[in-house]
Amino acid sequence: MPHSALYEFLSRRSLDVSGLSKHFLSGQNMDRRQASAVFQREKDAARHHGHGTAVGRFDRARARRSYFHHFPRDTVATHELDLVSAYAQAPDDECTGEPKFTTFHEGTKGTVDYIWFTRDDVRCHGVVEMAPAGQLFNAASLPTAHHASDHLSLVADVSLR
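Per the working numbering, the sequence shown runs over residues 904 to 1064.
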């Protein structure tokens, strides 16, 4: 999930995991504000074009609220890859730029699929637009006759540098 510690780690190359609960690293455990935003209908205007509508960014203060299964103090996880998500072309302080949904079924609606690439080796020329939100909400749940999976296809036009 774009608001997760795991997404923050992949996109920023490091994460201070001191005191974080292992249960909340993936972002699958959303707070009420995040959960209600995911299920909120949105207009059928173009949903992406580099300006995704996935709610939130990782917030250390909110992630620390659990008092069990913490990582030890002064623990920082790092990696050397300069990863970028093809669908997050225009992130801002409130949103990663990812699409609001990549999976849409009765139990779960959210962003769980990504196309990651290394900035120095690959150039992203564009992405295929996501299905209109209204179409998804009208169907209530995927799969349908028009979408064969509960996950939406992600497609990026890339070239090697």
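C-beta: ideal position from N, C-alpha, C; glycine also.
- Leaving aside the five residues that flank threonine 981 on each side, the residues in its chain whose CB is nearer than 7 Å to its CB run, in chain order, Arg916 and Ser917.
- By the C-beta density criterion, leucine 1063 is exposed, having fewer than 16 other C-beta atoms within 10 angstroms.
- Using a Cβ distance threshold of 7 Å, histidine 1008 and aspartate 977 do not count as a contacting pair.
- Residue environment: leucine 923 is assigned as buried (16 or more neighbouring CB atoms within 10 Å of its CB, all protein chains considered).
- C-alpha of serine 988 to C-alpha of glycine 1013: approximately 16 Å in a straight line.
- Per DSSP, phenylalanine 1004 lies in no beta strand (DSSP E) segment and is marked neither H nor E.
- Serine 914: not part of any beta strand (DSSP E); member of the alpha helix (DSSP H) spanning 908 to 915, first to last residue.
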